[in-house]
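Colleague:
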């Protein structure tokens, strides 16, 4: 890699971090403002939740589509269109006078913002050598962590001292990074060829229907998603240039990597979803206090992200997976045992969990990226982003149903003596066992992995 390319890579990484901060904030801020929006438009929770559901569905579908397009077209062009569309959606939301217009703005926002998951993975992969890729992915994780930390705080300040519509103004700021992306991104195009529009449409429809089935808990939607998925499989087996090449799914290491990522993402979303719930229900904290309890863990994740990436570069991905698994095991076990104790103690435990989440995300992205041929990087990593969204939606839906019951019929962890916390305790204890299985499977499939390589013998095992 030349000095110029190396300098551009470092600059791109810094620009990417700034963009990711505001992108993630856009996703987390509105969750805090849902009660205010519902009150203004006289909506019930199931109606106002479409502000988040519509965004999530379009964002998940767009991540795989944008990943595929990144294999064909210049990344700077995709980012240009994506950020402009994102800004358009923000303007529509800012000026909305009716609820359906807010939903329209969020859908357009998501369509534009969906270019960022692919960008966040493609820049570290294309612009950094394998031995430096962990650090790059770790730096990207800093943007994600800061966005998660600042989102609720910004939303709280905006809704306390102004209108929730001002959050759409904050969402316009990523547009300021566009000139810098266009300056430092190269002009390299992917392989020429046509896009399988029918295949992409079937996949997009299947994912959208599956996500709606999960969030709305509708069996008939799930069956419809299965039909569309079957049609998609038939299509990619017969198309001359399929949207996703079937050989990608015959790549054993890639497929197992996706399965592990699905599992770890589900646990991450579960912890993120349950934490405010038990802090309110068991500890009796107010929303503002809960926000302050969560901030130290998010800041710790931002600080440790680059260190985790360096560990993967210096010692190999397995070293980072092992450290992440230890941190998550400790966090899940301690939460299972000590839910209901002082919020200060919970805040310390959450630092272990959030840093573990960040390390696991870096290691999984780094591992999976090395199982892919260059021409399939965009769609392969886009598929990873999509899988993560489906995993998160499924985890929150399932955990939400468990929490709806209020109490657990069986207490698994005898060390937890708080009756109101047993359902949370049980879930966290099960997750602590699952994380052990994850690290064992990873070690068996990918080995310890020498620094700068995925594995000496298992790359692209088909």
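Residue numbers (full-length UniProt numbering): 1 to 462. Note that the Cβ used here is the ideal one computed from N, Cα and C, for glycine as well.
Check whether the Cβ atoms of residue 523 and residue 68 sit closer than 8 Å, and answer yes or no.
Modeller: A question about residue 523 goes unanswered here, because the residues of the chain that appear run from 1 up to 462.
Colleague: With a cut-off of 8 Å, do at least 3 Cβ pairs link the segment 410-430 to the segment 237-249?
Modeller: Touching, no, given that fewer than three Cβ pairs across the two stretches are closer than 8 Å.
Colleague: Please go through the same chain and pick out, in chain order, the residues whose beta-carbon is closer than 8 Å to the beta-carbon of residue 435, but skip the five residues on each side of it.
Modeller: Cβ neighbours of residue 435 beyond the five flanking positions: 264, 267, 325, 328, 329 and 332.
Colleague: Residues in the same chain with beta-carbon distance under 7 Å from residue 231, minus the five sequence neighbours each way, listed in chain order, please.
Modeller: Around residue 231: 202.
Colleague: For residue 281, which of 297, 39 and 341 has the nearest alpha-carbon?
Modeller: Measuring from the Cα of residue 281, the nearest candidate turns out to be 341.
Colleague: For residue 459, which three-state DSSP category applies?
Modeller: Residue confidence is low: residue 459 scores 44 on pLDDT, short of 50, so the model does not pin down where it sits. No coordinate-derived value is stated.
Colleague: Once DSSP output is grouped into helix, strand and coil, what is the label at residue 186?
Modeller: In this structure, residue 186 counts as coil in the three-state DSSP scheme.
Colleague: On the CB-based measure, 16 or more other CB atoms within 10 Å of its CB, does residue 417 come out buried or exposed?
Modeller: Per the 10 Å Cβ criterion, exposed.
Colleague: Ordered along the chain, which non-local residues of its own chain (more than five positions away) have a Cβ less than 6 Å from that of residue 116?
Modeller: Around residue 116: 23.
Colleague: Which of helix, strand or coil does DSSP assign to residue 222?
Modeller: Residue 222: helix per DSSP, three-state reduction.
Colleague: For residue 245, name the three-state secondary structure that DSSP assigns.
Modeller: Coil.
Colleague: Would you grab the beta carbon distance between residue 135 and residue 309 for me? Rounded to a whole angstrom, and I think it's under 8 Å.
Modeller: Residue 135 to residue 309, Cβ: 4 Å. Contact.
Colleague: Just tell me which of 447, 433, 9 and 394 has its CA closest to the CA of residue 129.
Modeller: Taking only the C-alpha atoms, the option nearest residue 129 is 9.
Colleague: Given that a residue counts as buried once 16 or more other Cβ atoms are within 10 Å of its Cβ, and exposed if not, what is residue 376?
Modeller: When all chains shown are included, residue 376 counts as buried.
Colleague: CB residue 159 to CB residue 33, shorter than 8 Å?
Modeller: Yes, these two residues count as a Cβ contact at 8 Å.
Colleague: Would you check if there are 3 or more beta carbon pairs closer than 8 Å linking the segment 143-163 to the segment 53-65?
Modeller: Cβ pair count under 8 Å is below three, so no.
Colleague: Measuring straight from C-alpha to C-alpha, what distance separates residue 374 and residue 119?
Modeller: Straight-line Cα distance between these residues: approximately 15 Å.
Colleague: Quick check: the Cα distance between residue 486 and residue 351, rounded to an integer number of angstroms?
Modeller: The requested residue 486 is not part of the displayed model; the chain covers only 1 to 462.
Colleague: Can you grab the Cα-Cα spacing for the pair residue 278 / residue 339, in whole Å?
Modeller: Cα-Cα distance, rounded: 8 Å.
Colleague: Determine contact between the segment 172-187 and the segment 80-89, defined as no fewer than three beta-carbon pairs at a distance below 8 Å.
Modeller: Short answer: they touch.
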